[in-house]
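Going by the numbering used here, 622 is the number at position 484 of the sequence shown; the sequence numbering is gapless. Every residue, glycine too, gets a C-beta built ideally from N, C-alpha and C. No experiment lies behind these values; they were computed from the predicted model shown. Working notes for the structure below.
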Amino acid sequence: MSNTAALLEMKNITKRFGKVTALSNVNLEVKQGEVHALVGENGAGKSTLMNVLSGIYPHGSYEGDIVFDGEICHFKNIKDSEEKGIVIIHQELALVPYLSIAENMFLGNERTLKNSNNIMDWPRTYQRARELMDLVGLDEDPRTLIKDIGVGKQQLVEIAKAISKNVRLMILDEPTASLNENDSQKLLELIDRFRKEGMTSIIISHKLNEISYIANSITVIRDGSTIETLDNNNHNVSEDRIISGMVGRALTDRYPKRQSKISDEILLDVKDWCVSHPLNPSRLVNDHVSLNIHRGEVVGLAGLMGAGRTEFAKSLFGKSYGVNIHGDVTFKGKKCQFNTVQQAIDEGLAYVTEDRKGDGLVLMNPIAKNMTLANLEKISSRSVIDKDKEMVIANGLKVDLNVKCASVSQDVGNLSGGNQQKVLLAKWMFAEPDVLILDEPTRGIDVGAKYEIYCLINKLVEQGKGVLVISSELPEVLGLCDRIYVMNEGRIVAEMPRKDASQEVIMSAILRNSGKKKTTNSEE
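Next comes the structure, spelled out in structure tokens:
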């Protein structure tokens, strides 16, 4: 691979936003037929560099040269780069919710009938969509609307959409962030297959185990500058070695230590929780789920994508998902039903969504407004918001959670993913919940920001809160949680203390209980 010619060279790329220098003389060389990883902390400049490459930031808005296949390129927009065979799959999904999977896949690249006036060839469209969906392991009807599938499946649609184009260099920005370990592994194997067929890929990921596994070369960016490029053809670059390059120091412990102070008091006890699919009421998404959380305890909920974990959390949180919801809930010692989201918040239950951009934050609003949104009464007098109080509280939360921003008046959409996640956590911490449900709390953020969020979780349980962590990263579940439930096909199939848990034990529980028929409401 070392003697292979470079397909791409980015030379001395400098990109400024006003007085802020996002990239400073960055150099990147990608060889033909390799998987090249780009790593760095949130805000290091990885996505900015790829936006320069793909023409999102057009020629003239940056300094330096892009040389692709031996030719200096001046991309004015993303269409120019795609014509050269450079396709970027962004971390933020760019799909139209009320169009079908197939329509989204070929949007702007439609399959039309021959000799027709742009009349769609639907049979060919659906057939090709099905082929691409099979390629990425997406088992859905191509006619299904995007809004009716989860975030993880939407990511697979994006990847299939990119593959449908004439790709020579595929850029994948956090491609597995929405996927569990099983599906992530399948995707990595797919990328590996593309590599063997001659395709070149650039992958940005905070999952360093995946980088070590798949990448031939690893370029580290820190604070907008290139630090080093590591040769990983023998896959011998360790995660610790990558981390030291990213953060400029060794990170000795991925999961901060916590003294266990779990109370006998059960804060939340859910029994026989059943939820039906909103579009197909005869299909049970959660089938008699029972779990509990003690005061001062971090409980994990592990499972594969589609297991029903997010559906359980959302249905419990004010019945914000599903129909025909029933079961018993005891919260802080009394029977209750959270019939609305506001009622759940008022009682002391909070849910941090897995989709921070779509459901969690108002990206065009300032950080301060987002942080206080879940508890407006605390900053209001006679239904009028006290702006000064809002700023004081937001600045306090900014310090407590180490949110890196110029000001809390800054729009939250301008922050890096890790800092957006901290703002989302701040929003729900300000609601002062007794039980906090965290759905994929570290998705798409770097190891440094992850560590800070783990410290926040420890701080919450030390204050006597209860935390439920839903995560597709098994090492995270094992490193964080005191007790772990395993969900598969809508059921709890195992429960174990951390000392008895391992990735093998969790996966064995899932595999032992796969393929069993669910009970429908009509059969109960």
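Between the beta-carbon of residue i and the beta-carbon of residue j, is there less than 8 Å?
{"i": "R433", "j": "L405", "result": "yes"}
{"i": "N557", "j": "V537", "result": "no"}
{"i": "A298", "j": "M243", "result": "yes"}
{"i": "I227", "j": "I284", "result": "no"}
{"i": "G438", "j": "V289", "result": "no"}
{"i": "P613", "j": "G486", "result": "no"}
{"i": "R360", "j": "A182", "result": "yes"}
{"i": "G465", "j": "T159", "result": "no"}
{"i": "V546", "j": "I517", "result": "no"}
{"i": "V550", "j": "L574", "result": "no"}
{"i": "Y264", "j": "G617", "result": "no"}
{"i": "L231", "j": "E296", "result": "yes"}
{"i": "D620", "j": "S398", "result": "yes"}
{"i": "R281", "j": "S254", "result": "no"}
{"i": "S199", "j": "I216", "result": "no"}
{"i": "N165", "j": "M148", "result": "yes"}
{"i": "R306", "j": "G223", "result": "yes"}
{"i": "E319", "j": "S646", "result": "no"}
{"i": "L270", "j": "S302", "result": "yes"}
Please classify residue i as buried or exposed, where buried requires at least 16 neighbouring CB atoms within 10 angstroms.
{"i": "A632", "result": "buried"}
{"i": "Q640", "result": "For clarity, residue 640 is Ser in the given sequence; the question names Gln instead. Burial call: exposed."}
{"i": "V490", "result": "buried"}
{"i": "L417", "result": "exposed"}
{"i": "K473", "result": "exposed"}
{"i": "G441", "result": "buried"}
{"i": "K655", "result": "For K655, the predicted model reports a pLDDT of 47, less than 50, meaning its position is unreliable; a value from the coordinates is still stated below. When all chains shown are included, K655 counts as exposed."}
{"i": "G555", "result": "buried"}
{"i": "F155", "result": "exposed"}
{"i": "P635", "result": "exposed"}
{"i": "T663", "result": "One cannot answer for residue 663 here, as it falls past the ends of the chain, which runs 139 to 662."}
{"i": "D369", "result": "exposed"}
{"i": "K525", "result": "exposed"}
{"i": "A240", "result": "buried"}
{"i": "H344", "result": "buried"}
So residue i and residue j are supposed to be a Cβ contact under 8 Å. How far apart are they, rounded?
{"i": "D207", "j": "G275", "result": "Actually they are not in contact, since the Cβ atoms of D207 and G275 sit about 31 Å apart, beyond 8 Å."}
{"i": "I349", "j": "S339", "result": "Not a contact, Cβ separation roughly 12 Å."}
{"i": "A175", "j": "I365", "result": "Wrong, their Cβ atoms sit about 13 Å apart, outside the cutoff."}
{"i": "E492", "j": "T510", "result": "Not quite, the Cβ-Cβ distance comes to about 22 Å (not below 8 Å), so this is no contact."}
{"i": "E403", "j": "V423", "result": "30 Å between Cβ atoms; not a contact."}
{"i": "L326", "j": "I356", "result": "Contact flag wrong, Cβ pair sits at about 15 Å."}
{"i": "I591", "j": "N180", "result": "I591 to N180, Cβ: 12 Å. No contact."}
{"i": "G171", "j": "R333", "result": "6 Å"}
{"i": "V479", "j": "G456", "result": "3 Å"}
Using DSSP with H/G/I as helix, E/B as strand and the rest coil, what is residue i?
{"i": "M243", "result": "helix"}
{"i": "L231", "result": "coil"}
{"i": "N540", "result": "coil"}
{"i": "S521", "result": "coil"}
{"i": "M139", "result": "At M139 the pLDDT is 46, less than 50, meaning the model places this residue with poor confidence; the figure from the coordinates comes in the next sentence. Correct three-state label for M139: coil."}
{"i": "N150", "result": "strand"}
{"i": "A353", "result": "coil"}
{"i": "L562", "result": "helix"}
{"i": "R392", "result": "coil"}
{"i": "T263", "result": "helix"}
{"i": "V550", "result": "helix"}
{"i": "M443", "result": "coil"}
{"i": "V375", "result": "coil"}
{"i": "T580", "result": "coil"}
{"i": "N165", "result": "strand"}
{"i": "S545", "result": "coil"}
{"i": "E590", "result": "helix"}
{"i": "T448", "result": "helix"}
{"i": "R249", "result": "coil"}
{"i": "I575", "result": "strand"}
{"i": "A300", "result": "helix"}
{"i": "A569", "result": "coil"}
{"i": "E366", "result": "strand"}
{"i": "R360", "result": "strand"}
{"i": "I531", "result": "helix"}
{"i": "L237", "result": "coil"}
{"i": "I287", "result": "coil"}
{"i": "I663", "result": "Nothing can be reported for residue 663: it is not among the residues displayed for the chain, which extend from 139 to 662."}
Could you tell me whether any non-hydrogen atom of the ligand ADP is closer than 7 Å to the CB of residue i?
{"i": "E221", "result": "Annotation note on the ligand ADP: not contained in the displayed structure, which lists no ligands."}
For residue i, decide whether its Cβ has a neighbour in chain C, counting only Cβ atoms nearer than 8 Å.
{"i": "G290", "result": "Given the protein chain composition of this structure (a single chain), no chain C is represented."}
query = What are the start and end residues of each continuous beta strand (DSSP E) run of 3 or more residues lying completely inside the segment 303-339, in chain order?
reply = 307-311
task = Please go through the segment 182-233 and give each complete alpha helix (DSSP H) segment of 4 or more residues, from N-terminal end onward.
result = 184-191, 216-221
query = In chain order, which beta strand (DSSP E) runs of at least 3 residues are fully inside the segment 599-661?
reply = 604-608, 621-626, 629-635
request  = Let me know the beta strand (DSSP E) ranges lying completely inside the segment 458-512, each 3 residues or longer, listed in chain order.
outcome  = 461-469, 487-490
Those runs of the beta strand (DSSP E) which lie wholly inside the segment 397-439 and span at least 3 residues = 404-414, 422-432
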